[in-house]
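**Student:**
Residue numbers (my numbering): 8 to 104.
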């Protein structure tokens, strides 16, 4: 089940609320006044986080496609290896008594 909100979307929304609070503090107002400003900047931050998330996913897909294409075009550089056994992976064990 996918998460309802990603980390970048959360950081974008919370930074929008934080920016609204800083704007209120810079104008010598209480931090929580003008809640419409908090909501508007949270929405802007959410959509900025959403666009950053899609950008990073697209770049990740692009990188993966480039790597898979390279492996497919140069199979001699990537030979198929058989499955490893425990003896290949673990070091020899000597009990100490």
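By construction, the Cβ of each residue, glycine as well, lies at the ideal position given by its N, Cα and C atoms.
Being a predicted model, the structure only gives us computed values, none of them experimental.
Restricting to Cα atoms, I'd like to know which of 55, 85, 92 is closest to residue 12.
**Tutor:** 55
**Student:** Taking the straight line between their C-alpha atoms, what separation do you get for residue 68 and residue 102?
**Tutor:** A straight line joining the alpha-carbon of residue 68 with that of residue 102 spans about 48 Å.
**Student:** Tell me where the alpha helix (DSSP H) around residue 68 begins and ends.
**Tutor:** The continuous alpha helix (DSSP H) containing residue 68 extends over residues 42-80.
**Student:** Going by DSSP in three states, residue 30 sits in which element: helix, strand or coil?
**Tutor:** Helix at residue 30.
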